[in-house]
Structure formats: structure tokens, C-alpha cells
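See below for the structure under consideration.
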Amino acid sequence: MIDEAIAQAQFEHLFNAKPSFAVRCPGRINLIGEHIDYCGGLVMPMAIAQSTQGWYRFNGTSQIRIYSARFDALTSFNPHDVLQPPKGTWEDYVQGILNLGAHRQAGCGFDLLVTSDLNAGGLSSSASFLGLLALVNHHALTGARIESRDVSQRLTLALLCQQVENQFVGVPSGIMDPASVLLGGLMTLDCRTLKFQPLQAIPETHRLVIMDTGVPRTLAASGYAQRVAEVDAIETLIANRDSTDKTSRHAGLATLPDDQMAKVLALLASDPLKHRARHIFSEQARVVQAALALEKEDMGVLGHLMNESHQSLSVEYDVSCPELDLITQLSRDSGLALGARMTGAGFGGCAISLVPVEHLEGHQAWVTRAYRQQTGIEPILLASEVAEGANIIAL
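Using the working numbering, the letters of the sequence shown map in sequence onto residues 620 to 1014.
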């Protein structure tokens, strides 16, 4: 929980002025549809209450000063300075937004304090930070705040955030994370067309529980980029087989019709590409089934699909880790959860479980105790709720 009074007092201490605006950008979990956003697939992200928050004011200069409470670091930028190469720090995201976001106008500087209660792995903390920066930068340049109903502008900012990750930070991420945190809610999102459909929330009788394994992971240094490269390799094989059948990451490997999926699997005789394709095709089908289960409020089916998804991510896509496999299995073994799966890129970070509200305390106690006994790590479990997209308020 972020103490707003303390944050605002710290802002005054750092910048010798009171903030004029507060900004919040949620984190997200992906209910189902993992590692298919960069294949043009249909995904089901949900913005959550845990978030990145900031306080800022326009300072009347060209200087941009940003303090990160997480890293206890103050940095400053002049948008007219020469772009520095990425250093692998949080400042890369700031430089990327300012430069790719075309912050070149004189007198549009601002002072910003940023803090967060998001875990660094699996809850899209980087997309949350980028979404916040993009909103503030847009406000500084235009003098206008983007309303929640302005979907077109929010999707434009989401594409900018993806561009920063891909072209500047060096992570080949998809559009799901920035779109989810900027739009908010629970939805299905077609990552090829950017069409989305808001969904009704998980029934009040159940909660999605975030389970933090305590195992960190760094996207750029993990196998995430390798998986994207493997998808590219599959698409290249398809294109080489038949020049009239040129799929691409933009066309969407995940959107191939069923008869083409069978041909692709037959083409991929060698591991690991065949395993990767099997996950992509089966995960796409699970998203469609999960949307129907939500519509019918059939939590048993939804939980079963979550279990299948984790198994596929672990065995076919090989993006889990022993701790993620353990904490999801413990959740199932408790007999108190309907399903559990990793969320996010994997290789550490967080998982989620679907738990009836009457079993929340028992589930948390059982999983926490068993996980601690087997790993020596104290996990963090907390029930999540759906949240609105990023927004700015005047103070």
C-alpha cells in the first residue's frame, strides 16, 4: 500500500513545491493467453489494483526531473540532449518515452515522483511505469489529459510504449501489457487488430490470488527473446514452404485456421519448435473457451483451463521454473483452489490461482506454509481485484 501523504511530502522536499497532479497506472495479470500476444493472438489481461503511482507538476523549464522511490534515485533529462545508449536501468524507459514520444518543445519540463507497490516480475511493472510516463509526457506536451473514454489515443500511447520496449530497451514484447494497463478492466484483446472486448469481472464468489514466488527474473536477460525468435523461425519455415502463405508476427501465427495449424505441426518435425507451436495453438483455443466460461460464470471450467495453460507453458513452451511449478501445484494440492497458472513472461515472478472467497484464508495459509517449507522462501499471496486504466487527477 502506497502512503500518498508521505509521497507528497517527499515530493515537496525534493522539488521545493507541491505537486499539481497525481497519476496512477495499474499493473496487470493475464488470466489466460500467455506468450501469444507477439503471435497476433487473443489474450485475456486484467488490470489490477496494485499500481505505479506518481505526483508531478510542470516546472516552466525544459528540464525533466524524475525521482524513483523504488530505487531511491533522482535523475534529470533535457530533451534536447543527445540520446544516450540504454544502460539496463529504469532510466532507459524515461529516455525512450521522451525521445520516441517526441518531447522536443521548450518549456514543457516537469518534476515527477514515482513509486509502486508492484512486484517486479509477472505483474507488468515495466508497462505500468511506461504507461504512467507516456500519460505525463503527453500532458506536458499538449496540456491535455487523455480521458478514459478516448480509446484511440490510449491505444496510440500503448503502441508508443511497445515501441520503447522493442526499439530502445531491447525487449521484443507484444502489445498486451501496455494496452491492458492503459485501457483497464478485464478484456479479451486481439493483438493483431487491437480490437478488444470488455468482459464481466470474476464473480464476487471467487477471487484471483496473486502468488509471488520470490524468484526474480529479468525479461531482457531471460529466455523471452529466445521464444520470440523461435516464433519467427516457425513463421520463416512456413513462408519458405509456400511463398503464398507468408505469415508474420503481425499477420499472427496464433490466428492460423485449424487446417493450417495441422500442416504447421506436420512441418515442424524437430524440437523445440513443434512444442512451441503446440502451445500457441492450444493456448489460443483456451482463451476462447475461457471467455465462454466467464460468460456462463462457470468457474470450474475456467480453473481447469488455467491448469491446462500452466502445463502447456511449463512443458511445451518451457517458460516456467521449479518455483512456479511448485507454487501452482501446491495451490491445486490444497484442494481449495479451482486452478492455478503462471502469469507474465515466466522464468520466475508470479502465478495466479482461482479461489472461492470462503477459502481465501485457508488457501493462503496452506500454500504459504508448504512453499516456505520446501523452498525456504516466504511467498507473498494477495487477492486481486479488477481496476480501471491509467488516469490523471488534478490536486
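A virtual CB, placed ideally from N, CA and C, is assigned to each residue, including glycine.
Keep in mind it's a predicted model, so treat the numbers as computed, not measured.
Straight-line gap, Tyr-712 to Glu-977 (C-alpha atoms, nearest Å) | 41 Å
Go to Val-976, then tell me how far its alpha helix (DSSP H) extends in each direction, as first and last residue.
-> Counting along the chain, Val-976 falls outside any alpha helix (DSSP H), and DSSP gives it neither H nor E.
Any idea if Thr-832 is buried or exposed, counting beta-carbon neighbours within 10 angstroms, 16 or more meaning buried?
-> buried
Could you tell me which uninterrupted beta strand (DSSP E) segments, each at least 3 residues in length, are contained entirely in the region 966-1008, listed from first to last along the chain?
-> 969-975 and 999-1003
Using the Cα positions of Ile-648 and Leu-802, report the straight-line distance between them to the nearest angstrom.
-> 13 Å
Sheet register partners of Phe-900 (DSSP bridge) | In DSSP, Phe-900 forms no bridge with anything.
Please say whether Ser-747 and Cys-1033 have beta carbons closer to each other than 7 Å?
-> There is no way to answer for residue 1033, as the model of the chain reaches only from 620 to 1014.
What runs of the alpha helix (DSSP H), each 4 residues or longer, lie entirely inside the region 896-956?
-> 918-934 and 941-952
With DSSP run on the structure shown, which of helix, strand or coil describes Phe-1051?
-> With the chain covering only 620 through 1014, there is no way to say anything about residue 1051.
Pick helix, strand or coil for Thr-694, following the three-state DSSP scheme.
-> strand
Selected residue, minimal CA-CA separation from Ser-640, among Arg-676, Gly-652, Lys-706 and Ile-685 = Note that residue 640 is Phe in the sequence shown here, rather than Ser. Residue Arg-676 is the option with its Cα nearest to Phe-640.
Among residues of its own chain, excluding the 5 on either side of His-869, which ones have a beta-carbon nearer than 8 Å to its beta-carbon?
-> Residue confidence is low: His-869 scores 40 on pLDDT, short of 50, so the model does not pin down where it sits. No coordinate-derived value is stated.
Where does Gly-673 fall in DSSP's three states?
-> strand
Say whether the region 784-798 touches the region 668-684, bearing in mind that this needs 3 or more beta-carbon pairs closer than 8 Å, one atom from each stretch.
-> no
Could you give the C-beta distance for Gly-728 and Ser-681, rounded to a whole number, given that I count them as a contact under 8 Å?
-> 5 Å
Going by alpha carbons, who is nearest to Val-733 out of Leu-661, Leu-633, Thr-761 and Thr-824?
-> Leu-633
Among Pro-817, Ala-896 and Val-934, which residue has its Cα nearest to the Cα of Glu-854?
-> Ala-896
Compare the Cα-Cα distances from Thr-947 to each of Val-800, Leu-827, Arg-860 and His-894 and report the closest residue.
-> Leu-827
Simplified DSSP state of Gly-659, which is helix, strand or coil | coil
Give me the Cβ distance between Pro-929 and Ala-959, rounded to the nearest whole Å; I'm assuming they're in contact under 8 Å.
-> A small correction: the amino acid at residue 929 is His; Pro does not occupy that position in the sequence shown. Indeed, because the Cβ distance is near 7 Å, the residues count as touching under 8 Å.
From which residue to which residue does the alpha helix (DSSP H) around Arg-684 run?
-> Careful: Arg-684 lies outside any alpha helix (DSSP H), inside the beta strand (DSSP E) at 683-687.
Would you identify the three-state DSSP class for Cys-727, choosing helix, strand or coil?
-> coil
Any idea which residues DSSP pairs Ala-1084 with across the strands?
-> Only positions 620 to 1014 of the chain appear in this structure, which leaves residue 1084 out of reach.
Output the boundary residues of the beta strand (DSSP E) element that contains Phe-815.
-> 815-817
Report the option in Glu-914, Ile-821, Leu-805 and Gln-629 whose CA atom is closest to the CA atom of Ala-692.
-> Gln-629
Name the DSSP beta bridge partners of Phe-640, please?
-> Tyr-675 and Ala-1013
Inspect the CB distances between the region 992-1003 and the region 939-954 and report whether three or more fall short of 8 Å.
-> yes
When you compare each of Arg-846, Gly-740 and Asp-736 to Gly-963 by their alpha carbons, which one comes out closest?
-> Gly-740
From which residue to which residue does the beta strand (DSSP E) around Asp-831 run?
-> 825-831
What do you reckon, is the C-beta of Lys-893 under 6 Å from a heavy atom of the ligand SAH?
-> In terms of ligand content, the structure shown is empty, and the ligand SAH therefore cannot be addressed.
Would a C-beta distance cut-off of 7 Å place Gly-967 and Val-834 closer than the cut-off?
-> yes
May I ask you to report which of helix, strand or coil DSSP gives Arg-960?
-> strand
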